[in-house]
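Here is the structure we will look at.
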Amino acid sequence: MPLPLRLRNSELRGLIYVAPSKIHGKGVFARQELSKGEYIGTYHGPVARRNGTYVLWVYEQDDDENAIGCSGKNLLRYLNHKIPGNAEFDGFDLYARVTIRPDEEITFDYGAEWPVSG
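Residue numbers for the sequence shown follow this note's numbering, beginning at 1 and rising by one.
The following block contains the structure:
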């Protein structure tokens, strides 16, 4: 059975929930164990023309001209930055990079341009 193009918030809530984060503000947490490689959801929202809060950029090439931005409107917009993250994007689809335990915060590496916090 093919994966859905995107999960609605009501469907995402079966896998994840949003709660206060020790990393920053709100975060996304696993409701159940997520196996390595498991599809978590698709970052969904309107096309973004410029950078801003909750904007995810996907690069087809290693240059800014080929970037596609999405202004997140679903629960995945609350994903926080961590190196290494326990999840990763393939395009706008999010997958578990390692096994993620129930109630563990789901994070991903925002990339080299994101400031490292101490």
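Think of the CB as a built atom: it goes at the ideal place given N, C-alpha and C, for glycine as much as any other residue. No experiment lies behind these values; they were computed from the predicted model shown.
inquiry  = In whole angstroms, give me the CA-to-CA distance for T42 and K82.
reply    = Taking the first residue of the sequence shown as position 1, residue 42 is located at position 42. Taking the first residue of the sequence shown as position 1, residue 82 is located at position 82. Whole-angstrom Cα-Cα distance: 19 Å.
query = Where does L191 fall in DSSP's three states?
reply = Outside the displayed span of the chain (1 to 118) sits residue 191, for which this structure offers no information.
Identity of the residue in L94, F108 and R13 nearest P84 by Cα = The count along the sequence shown starts at 1 and reaches residue 84 at position 84. Ranking the options by Cα distance to P84, first place goes to F108.
key: Backbone secondary structure at L79 - three-state DSSP   = Working through the sequence shown from its first residue, we reach residue 79 at position 79. DSSP places L79 in coil when its eight states are reduced to three.
inquiry  = Can you tell me where the beta strand (DSSP E) holding D90 begins and where it ends?
reply    = In the sequence shown, residue 90 corresponds to position 90, counting from 1. Segment A87 to D90, the beta strand (DSSP E) holding D90.
request  = Name, in chain order, the residues that DSSP records as bridge partners for Y95.
outcome  = Residue mapping note: residue 95 aligns to position 95 of the sequence shown, counting from 1. When DSSP reads this structure, Y95 sits in a beta bridge with Y39 and E88.
key: I40 to H24 span [Cα, whole Å]   = Taking the sequence shown and counting its residues from 1, the one referred to as residue 40 is at position 40. Taking the sequence shown and counting its residues from 1, the one referred to as residue 24 is at position 24. The alpha-carbon atoms of I40 and H24 are separated by roughly 21 Å.
message = Please classify A87 as buried or exposed, where buried requires at least 16 other C-beta atoms within 10 Å of its C-beta.
response = The residue you call residue 87 lines up with position 87 of the sequence shown. Buried: at least 16 other Cβ atoms inside 10 Å.
request  = Tell me whether the beta-carbon of H18 lies closer than 8 Å to the beta-carbon of E105.
outcome  = For the purposes of this step, residue 18 is identified with residue 18 of the sequence shown, where counting begins at 1. For the purposes of this step, residue 105 is identified with residue 105 of the sequence shown, where counting begins at 1. According to the sequence provided, residue 18 is Val. The question's His does not apply to it. When the beta-carbon positions are compared, V18 and E105 stay at least 8 Å from each other.
query = Just curious, the beta strand (DSSP E) that G27 is in, first and last residue?
reply = Reading the sequence shown from its first residue, position 27 is the one you call residue 27. Here the beta strand (DSSP E) through G27 covers K26 to A30.
Within 8 Å, strictly: CB atoms of V98 and K36 = Position 98 of the sequence shown, counting from 1, holds the residue named residue 98. Position 36 of the sequence shown, counting from 1, holds the residue named residue 36. A distance below 8 Å separates the beta carbons of V98 and K36.
key: Option in D103, E11 and G111 with minimal Cα separation from E33   = For the purposes of this step, residue 33 is identified with residue 33 of the sequence shown, where counting begins at 1. Answer by Cα proximity: D103.
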